[in-house]
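Reading through the structure tokens given below for one structure.
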Amino acid sequence: MTDVVVVESPAKAKTINKYLGDRYTVLASFGHVRDLPPKDGSVRPEEGFAMDWEADERGNRQITAIAKALKGASTLYLATDPDREGEAISWHVRAMLEERKLLRGIDVQRVTFNEITKNAIKTAMKKPRDLDMPLIEAYLARRALDYLVGFTLSPVLWRKLPGSRSAGRVQSVALRLICEREAEIERFKPREYWTVQAQMTTPAGAPFTARLTHLAGRKLDQFDLGDEKAAMAAKASVEAGSFSVGSVDRRKVKRNPPAPFTTSTLQQEASRKLGMGAQATMRAAQQLYEGIELGGETVGLITYMRTDGVQMAREAVDEIRAHIGEAFGRDYLPGLAREYSSKAKNAQEAHEAVRPTDVSRTPAEIGRYLGDEQKRLYELIWKRAVASQMQSAELDQVAVEIDAADKSAKLRATGSIVAFDGFLKLYSEGRDDSDKDADDESRMLPPMREQDPLKRGPVAADQHFTQPPPRFSEASLVKRMEELGIGRPSTYASILGVLRDRDYVRLENRRFVPEDRGRLVTAFLTSFFERYVDPHFTAGLEEQLDDISDGRADWRQVMQRFWDAFSHAVAQTKDLKISDVIDALDADLGPHFFPPKEDGTDPRLCTACGTGRLGLKLGRYGSFIGCSNYPACQFTRRLVESKDGEGGGELKDGMRALGVHPDTGEDIVVKRGPWGLYVQQGEPDPNDKKAKPKRATLPKGFEGDTVTLEQAVGLLSLPRLVGVHPEMGEPIEAGIGRFGPYVKMGAIFASLDKDDDILLVGMNRAMDVLGKKLASVRTLGEHPKDREPVLVRKGRFGPYVQHGQVVANLPRERSMDDFTLDEAVPLLAEKGKPLKPRGGKKPAAKGKSARTEGTKAAAPKTTAPKAIAKTAAAKKPAATKKAAAKPRAAAKSATTATKKGA
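Going left to right, the sequence shown walks through residues 16 to 917 as this note's numbering numbers them.
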């Protein structure tokens, strides 16, 4: 008998199984085993924020494997990651097993560990606990928030701002930061200023450089020398004077080492020093945490990498201090161990900082076992953790004031020298180029004393211009989000990835540049939902989520307060006119789309007609610049340049190439028509106007910018054979018709749900929907004139009889259950009406068989009687009414569903 341990990843499961031995079976959940279905109604605020959870194939497979291992077990240990997501995964696993009634007689325990080492694992197994319900409720609240914002706000975007993708609760705030920084850069006007520097030499002949700080008895501010004329006058004044040392100020400065890494600081430093993006950093860190094979044994090299804590375990600190004494000497070891606390807003410090699990595993020793990214990241983590416990660096700083003999000018020279390198011997923190406080330890000044005469050398006047604030890098954006308290460190990598995946931003020289699409979305949200993309509001919401996780707030009450205000704000946009949206966006983004021209002419003047005013317009396919003289002037300019190319990219100019058909070699493209998106095989023949290329409508669930060549070939090959009915022997086909995806058997058509994949639907699903359809159809027999079947059907407006393409409603007092063929034939002759063919064509001419008019689209008539007759014999007529299609629509589907439209 073995107990069962559930972790998140198979790599971790393999390592832990080695540590625990044969008494335990360790299985992986492969992350979350279930999630909210991506459709409306998965979170229901009106029912106390009830949620529907759905497991995918992988989740069900893993739960089945866990259930199988539990047979004969006495204890289930849930050992997923030691954070909110890990707690939630354990909760989902337990809930799914409980739903299957598989936990009777089994003790369920939760265990957590911060590092994957033998000692940590065995210690954790001795200290099990219950699931942390406040932490789980915080997860539920966060998941519900993200879902409700996304599924409520995104449709508003799609309706009011065509071409936009979707909006997320935290992503939208991060996007706003990027867009506002770009707007700040665009508004920035460089300002000129000058500096004057002189080369000086000490009596001993040592040269150094000094800068002019005072002129004519007044201290110079940055812009006092604002042009060349003023600078040249200042330069002449310095050149005319003689100088001596006025004062020498020496002082010692200590620089303390930085704290060990949190998730956020690890991402920032990896970006600055290693050029690794947030996602690459977290991927490599995950591998180091889960374990690397060293000498035949898998060993976790670092502690858990999703943390906002900066403290380290006492035993880890003691080991690091011992290593410092041995490797660097006692001078580099402070008398007491250093303790750190986080300065980040909302830091919970629930876990240790990111550190090596064993400091004796130096980067030099284990580098050969690691990949390039793993090696560089491990070295960074190892050095930072060790340096955090080293002695402070000491710097000698010197400031020398230099006076002119006539007191008309004063210059200043500064320098510093590292007196004791301390932690700098091992680690120097990287600097972002926006950090203006970076020190220059290499600048040294020669020895000088007060009243020493100085020899003046060349004097230079240099022109400068103020610089705009830099665009955000991954490091600086993560830092800013952490400062504001937006999101959580573990989510930063995915947030930045989502912004790029949606083409809201792009990386240029490792800096975020907002795309026009991203700026339009931000302008829309700040104009009409300003509160919900406000960084301070989002940070406040994070604090409330922290209160939930600490048990200080009820998650449903927090959700209700948010939802009441948010749903009201969304409801107010229902009457929002597109013209209001255009005016707001045009006013907000006008300076971006129409920057001032150097010649001073109106930047909005239409270049095509010369009289119209250019402005922002919203069309079916997105935003564009258009002329006010439309339709006389049809000048347009696209705002969002889309990606293009085989197998990827968005629709560009209404079309996207997918590739070539594997059998015919014809080009397959996605096109945008007046009624929506469709795929097309080949091109029209210019010599044969009647010949049209094969086309297929993109059904719901297929997006024009993501549909693949394989899917397109499948859609073009519809209808496809699903299989043969095991009892009736009739073929069952699936296709797309005028009313959407369907399956059919003979003359019987049944619509599929929007969630059904027309390319993957199988026999079980097809027989299920056909069975429901057949329950609403009954054959009365053969018509005496042409021996074709006469059917009675349930329709949207009541039962009706059908003969080919002629239908007639039953009298109101009659039921389809007892209606006979003898009654149906005269009813069809008296009140029968032909169905209108597709496209609104006129009904068949008098004297012609209405059924004959529809034979081109109708299914083969020989199959219908068999299918219906067998069904009628196998089933009793239904006694209760069921919702079905209109009589006319139901009958018409039999003639039109086999056609594929664009």
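We put the beta carbon where it would ideally sit given N, CA and C, even for glycine.
query, result
"First through last residue of the beta strand (DSSP E) which encompasses Met760", "Gly755 to Met760"
"Counted within 10 angstroms of its Cβ, other Cβ atoms place Met215 as buried (16 or more) or exposed", "buried"
"Neighbour-count burial assignment, Gly855, 16 or more Cβ in a 10 Å radius", "Note that Gly855 has pLDDT 46, beneath the 50 cutoff, so the model's placement of it is unreliable and the number below is only indicative. Answer is exposed; the Cβ neighbour count stays below 16."
"Outcome for Met760 when other beta-carbon atoms lying within 10 angstroms are tallied against a minimum of 16", "buried"
"Terminal residues of the beta strand (DSSP E) in which Val694 lies", "Gly691 to Gln696"
"Inter-residue spacing [alpha-carbon to alpha-carbon] between Ala823 and Asp837", "14 Å"
"Residue range of the beta strand (DSSP E) that includes Pro222", "Pro222 to Leu230"
"Burial state of Gly634, where buried means 16 or more other Cβ atoms lie within 10 Å", "exposed"
"Cut-off 7 Å between Cβ atoms - residues of its own chain near Ala139, not counting five sequence neighbours on either side", "Val126, Thr127 and Phe128"
"Nearest candidate by alpha-carbon position, reference Ala328, set Ser488, Leu351, Ala299 and Val369", "Val369"
"Terminal residues of the beta strand (DSSP E) in which Ser262 lies", "Phe258 to Arg270"
"Coarse secondary structure for Asn824, derived from DSSP in three states", "strand"
"Boundaries (first-last residue) of the beta strand (DSSP E) holding Ala568", "Where Ala568 is concerned, there is no enclosing beta strand (DSSP E), given that its DSSP letter is neither H nor E."
"Element boundaries [alpha helix (DSSP H), containing Arg329]", "Arg329 to Phe343"
"Continuous alpha helix (DSSP H) stretch holding Phe203: start and end", "No alpha helix (DSSP H) contains Phe203, which DSSP labels as neither H nor E."
"Option nearest Leu112 by Cα separation, candidates Gly382, Ile131, Lys137 and Arg49", "Arg49"
"Delimiting residues of the beta strand (DSSP E) encompassing Arg596", "Correcting the residue identity first, residue 596 is Val in this sequence and not Arg. Not the beta strand (DSSP E): Val596 falls in the alpha helix (DSSP H), residues Ile593 to Phe608."
"Top-ranked residue by Cα proximity to Ile763, from Lys769, Pro746, Leu155 and Asp770", "Pro746"
"Spatially closest choice to Val758 from Ala245, Gly777, Ser564 and Gly382, by CA coordinates", "Gly777"
"Straight-line gap, Phe238 to Glu207 (C-alpha atoms, nearest Å)", "8 Å"
"Counterpart residues of Ser638 in DSSP-defined beta bridges", "Leu633"
"Ala285 versus Val374: straight-line alpha-carbon distance, rounded", "20 Å"
"Residues of its chain near Leu825, where Cβ-Cβ distance is below 8 Å and the 5 sequence neighbours each way are ignored", "Val807, Gly813, Pro814, Tyr815, Val816, Met831, Phe834 and Leu842"
"Straight-line Cα distance separating Ala103 from Ala135", "22 Å"
"Counted within 10 angstroms of its Cβ, other Cβ atoms place Pro97 as buried (16 or more) or exposed", "buried"
"Short Cβ contact (8 Å threshold) for Gly292 with Glu497", "no"
"C-beta atoms of Ser169 and Ala153 nearer than 8 Å", "no"
"Spatial neighbours of Ile151 in its chain, beta-carbon cut-off 7 Å, leaving aside the 5 residues before and after", "Glu102, Ala103 and Trp106"
"Cβ-based burial, Val728 [other Cβ within 10 Å; buried from 16]", "buried"
"Test item: CB-CB of Gly533 and Tyr519 under 8 Å", "yes"
"Three-state secondary structure (DSSP) of Met463", "coil"
"Thr712 vs Tyr693 beta-carbon contact at 8 Å", "yes"
"Beta-bridge pairing of Tyr815 - partner residues as DSSP gives them", "Arg808 and Asn824"
"Buried or exposed by the 16-neighbour rule on C-beta atoms within 10 Å, applied to Ala434", "exposed"
"Length at least 4, wholly inside the segment 276 to 324: the alpha helix (DSSP H) runs in chain order", "278 to 284 and 293 to 305"
"Segment limits, beta strand (DSSP E) that includes Ala475", "Pro468 to Phe480"
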